[in-house]
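Q:
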Amino acid sequence: MNNYDGNQYQKGNNSAQNTQYFLAQQDGKVRKAQESSYDRVNISKPFPLAMASQGESLQILQLKGSEGTVHRLIAMGFVPGSKIKLINIIGGSVIVAIGDNRIGLGVGMAQKIMCIKEVN
Numbered sequence: 001m002n003n004y005d006g007n008q009y010q011k012g013n014n015s016a017q018n019t020q021y022f023l024a025q026q027d028g029k030v031r032k033a034q035e036s037s038y039d040r041v042n043i044s045k046p047f048p049l050a051m052a053s054q055g056e057s058l059q060i061l062q063l064k065g066s067e068g069t070v071h072r073l074i075a076m077g078f079v080p081g082s083k084i085k086l087i088n089i090i091g092g093s094v095i096v097a098i099g100d101n102r103i104g105l106g107v108g109m110a111q112k113i114m115c116i117k118e119v120n
């Protein structure tokens with residue numbers, strides 16, 4: 001299983017200046033993850049896209065899954081750091097807005113997209 005956050009093995013950089021390192025696995029090697037308390041800064045804890053509420057604005061933090069799954073999600077526009085909005089969850093489908101585009105995903109795929117609430 002691969003995790004992709006766009007900055008693997010590097011110090012995370014976000015607008016809240018929260019020092020964090022992301023756990024990443026590549027070629028069978030797992031790097032240590034360090035993470036400061038999310039409660040000390042105005043940032044939400046990461047959660048899967050499938051757990052978001054309708055109408056919620058989010059930022060993609062990390063992609064999980066096999067290499068093929070991660071590449072497929074990136075090709076669809078789900079890139080760490082991107083801002084998205086959950087339009088609706090209908091049955092087993094999640095409808096997301098990425099810019100002017102609307103994309104439908106199964107709940108299983110939406111579980112592999114880790115997000116945080118967008119800080120205004």
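Just so we're aligned: the sequence shown equals residues 1 to 120 in full-length UniProt numbering. Where a beta carbon is used, it is the ideal one built from N, C-alpha and C, also for glycine. Here the structure is a predicted model, which is why all the values come from computation and not from measurement.
Is Gly68 helix, strand or coil when you go by DSSP?
A: Helix.
Q: Could you pull out every residue in the same chain whose Cβ sits closer than 6 angstroms to the Cβ of Glu56, ignoring the five residues on either side in sequence?
A: Leu86
Q: Just the C-alpha distance for Ile113 and Ala52, rounded to the nearest angstrom, thanks.
A: 11 angstroms
Q: Taking Cβ positions, are Gln59 and Gly81 nearer each other than 8 angstroms?
A: Result yes, Cβ atoms of Gln59 and Gly81 sit closer than 8 angstroms.
Q: Identify, in the order they occur along the chain, each residue of the same chain with its Cβ nearer than 6 angstroms to the Cβ of Gly108, setting aside the five sequence neighbours on each side.
A: none
Q: Beta-carbon separation of Gly104 and Ile98 under 8 angstroms?
A: Cβ atoms of Gly104 and Ile98: not closer than 8 angstroms.
Q: Taking DSSP's pairing of strands, which residues face Pro48 in a bridge?
A: Answer by DSSP bridge pairing, in chain order: Met114.
Q: My assumption, with CB atoms under 8 angstroms, is that Ile89 sits in contact with Gln111. Please give the rounded CB distance.
A: Wrong, their Cβ atoms sit about 12 angstroms apart, outside the cutoff.
Q: So, for Asn101: in the same chain, excluding its five sequence neighbours on each side, which residues have a beta-carbon less than 7 angstroms away from its beta-carbon?
A: Gly77
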